[in-house]
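Read in order, the letters of the sequence shown correspond to residues 208 to 694 in the working numbering.
Positions of the beta carbon are idealized from the N, C-alpha and C atoms, including for glycine.
Predicted model only: the values in this text are computed from it and were never measured.
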Amino acid sequence: MMNDWAGLPAIYGDVLRRAMESLFRTFENFSEGTFIVDADARVVWINKRYAARFGFSDPQQAIGRDCEAVIPNSLMREVVHTGKPILLDIMETDREPLVVTRLPLKDDAGATVGAVGFALFDELKALTPLFSHYSRVQEELIATRQSLAQARRARYSFGSFVGTSAACLEVKRQARRAAQLESPVLLLGETGTGKELLAHAIHGGSARANQPLVTVNVAAIPDTLLEVEFFGAAPGAYTGVDRKGRVGKFELANGGTLFLDEIGDMPLPLQGKLLRVLQDKECEPLGSNRIVRADVRIIAATSADLPALVASGRFRADLFYRLNVLTIHAPPLRERASDIEALAYAMLEDLSTQTRGGSHFELQDDALRVLCSYGWPGNVRELRNTLERAVMLSDSERIDARTLAPFVGSAPSGKQRYNEPDAVVRAGAPTQPQALVSWSDAMAAFEKRFLSDALRANGGRVIDTANQIGMGRATLYKKIASYGIEV
Ligand SMILES: Nc1ncnc2c1ncn2[C@@H]1O[C@H](COP(=O)(O)OP(=O)(O)OP(=O)(O)O)[C@@H](O)[C@H]1O
Ligand SMILES: [Mg+2]
208 MMNDWAGLPA IYGDVLRRAM ESLFRTFENF SEGTFIVDAD ARVVWINKRY AARFGFSDPQ
268 QAIGRDCEAV IPNSLMREVV HTGKPILLDI METDREPLVV TRLPLKDDAG ATVGAVGFAL
328 FDELKALTPL FSHYSRVQEE LIATRQSLAQ ARRARYSFGS FVGTSAACLE VKRQARRAAQ
388 LESPVLLLGE TGTGKELLAH AIHGGSARAN QPLVTVNVAA IPDTLLEVEF FGAAPGAYTG
448 VDRKGRVGKF ELANGGTLFL DEIGDMPLPL QGKLLRVLQD KECEPLGSNR IVRADVRIIA
508 ATSADLPALV ASGRFRADLF YRLNVLTIHA PPLRERASDI EALAYAMLED LSTQTRGGSH
568 FELQDDALRV LCSYGWPGNV RELRNTLERA VMLSDSERID ARTLAPFVGS APSGKQRYNE
628 PDAVVRAGAP TQPQALVSWS DAMAAFEKRF LSDALRANGG RVIDTANQIG MGRATLYKKI
688 ASYGIEV
């Protein structure tokens, strides 16, 4: 540097030298901390106040140490490596954040020999508006990340899957094994048999447990939006509400598990795209030239008869084979009646804490007989709903057959299939007035008929039907799927 002044009048050189010295002194005086490191980012000098802030009563104790050992979030190493200044930055500390400036120090040949850092503001009064904005944004970000992480954690573990029947133990054994592996998992079984619960448990028991579990319910999303939901969209790529663009679930699940619920409802064109993504492990958000690579483990579930859908050409055979690697069949409740008692007690305990602060419900023998002689077409979900209604309306903690009977449906136990789309309607049809059905079965039968009629009147167009009957589209899609209405 001295060389640069050689041709100047002596007085100019003096002014410049003074400028440099006083600049350093001014910064040193006004800053909360000053800090110099060598080319290896080791502390050469630190002022007393700054050293004290980081727990060194004597600045000498900090000399020669790595900068990060003295100031944990220091970026001085980056400055000496790159030779570039970081003119203005916010550095988090144990106390409030600091506004810092970091400059490289060069030798005559221009090589970086060290760096100097100034922490400019501590109380940050001068920057209060900027800082309150920064702090607010920071807090919001932390809160959002926490709630997202919470939402994306597995809600159930293997312990939540109640039952000790041979069929149940076998399912749990297979699911535990699946948790140890990386291949896709296919969960098959009637509605309410615990497929979602198993998906959560498998993710939660896998090496990916600390990464997100992202769910896409294929049946609940209109076909036109599914592609964006899966793969995302560039800003302005489509004319939906979301002009800002959207991150796809595939990308969101990176490192974790993507749970594709009701995969049997996936439209054929999207099945092809999904297959390609599973093979290539990359996708392209709609309207972008960006390739998204994602390491995602797939768990798919459906209550539909997937092999039958393949046979009838409604589900791609190649996608089926790709998913059908670790296949787990969740057994219907009627095939494991010995689990009903344990399930009922687990649910009653759960319900009593949720609804009746600590009551201890007890099932009388005759009530258990009622539960075991029913066929449970809605499986464990129906059992839970039935007990919930009984608990809400029962005056006593002792639940007997008489309390329970009005809430239990009329499907007989046995090994027939209950997922036939018409089972509920037939039970409640006026041609069979003698069949005693529960209120909920009758309502379900009515709802299914009502929705089928409305859909037929609208030529099968779901959106028009939803508008006409005043129901949300997503709700209507769900109901169509759960009643198995053909559109
Ligand atoms: N073995 C089980 N132990 C305890 N609870 C269970 C069990 N199986 C299912 N459940 C409960 O039953 C309800 C339905 O389960 P889940 O949603 O996993 O079923 P599903 O197979 O995904 O049904 P659908 O095909 O209708 O989506 C949930 O409340 C779940 O917690
Ligand atoms: Mg489910």
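Can the beta-carbon of residue i be found closer than 8 Å to that of residue j?
i	j	result
L493	E434	yes
L513	G471	yes
L149	I535	With the chain represented from 208 up to 694, any question about residue 149 goes unanswered, as that position is not in the structure.
R576	A608	yes
R605	Q571	yes
G667	V694	yes
S645	I692	no
L459	P419	yes
L533	A385	yes
A246	V307	no
A673	R680	yes
V454	F437	no
A537	K402	yes
R529	L482	yes
E556	T509	no
A406	I506	yes
T464	R415	yes
R497	V421	no
Y341	A408	no
Start and end of the alpha helix (DSSP H) containing residue i?
i	result
V286	M283 to T289
W646	W646 to A664
L393	Careful: L393 lies outside any alpha helix (DSSP H), inside the beta strand (DSSP E) at V392 to L395.
G411	K402 to G411
D430	D430 to F438
D468	First-last for D468: T464 to D468, but that is the beta strand (DSSP E), not the alpha helix (DSSP H).
T233	A217 to F237
V251	Run containing V251: none in the alpha helix (DSSP H); it sits in the beta strand (DSSP E), V250 to I253.
A608	A608 to L611
D671	V669 to I676
R384	A373 to Q387
D487	L475 to D487
V598	N586 to L600
R576	D572 to S580
R529	A524 to L530
Once you ignore the five residues that flank residue i on each side, which residues in its own chain have a CB closer than 7 Å to its CB?
i	result
E595	L558
A549	V369, G370 and T371
N531	L393
N586	E397, T398, G399, T400, P539 and L540
R695	Missing from the structure shown is residue 695; the chain here goes from 208 to 694 and no further.
V286	P292, I293, R309, P311 and A322
R383	F365 and G412
D273	A248 and R249
S390	V532 and L533
A440	G452, R453, P492, L493 and G494
A515	none
My understanding is that residue i touches residue j, with C-beta atoms under 8 Å, so please give their C-beta distance in whole angstroms.
i	j	result
V484	F457	7 Å
I297	R309	Contact doesn't hold; Cβ gap of about 12 Å is too wide.
A551	L578	6 Å
F568	T593	Wrong, their Cβ atoms sit about 13 Å apart, outside the cutoff.
R523	G479	7 Å
M554	R591	5 Å
D648	G616	5 Å
So, at 8 Å on beta carbons, what are the nonlocal neighbours of residue i in its own chain, with the 5 sequence-adjacent residues on each side left out?
i	result
Y684	A426, A427, I428, P429 and V669
A350	none
K313	G290, T319 and V320
V222	none
A217	none
If I measure Cβ to Cβ from residue i and keep anything under 6 Å in the same chain, skipping five residues before and after, which residues do I get?
i	result
E275	S281
A269	V250, I253, A258, F263 and V277
S238	F325, A326 and L327
S566	S559 and E604
A661	T672 and I676
The beta strand (DSSP E) that contains residue i, what's its start and end?
i	result
K313	L305 to K313
N424	L420 to N424
I190	Because the chain spans 208 through 694 in this model, residue 190 falls outside it and cannot be assessed.
T534	L533 to H536
A515	Careful: A515 lies outside any beta strand (DSSP E), inside the alpha helix (DSSP H) at L513 to A518.
V244	G240 to D245
Point to revise | Inter-stretch contact at 8 Å, needing at least 3 Cβ pairs: the segment 298–310 / the segment 216–231 | key: Cβ pair count under 8 Å is below three, so no.
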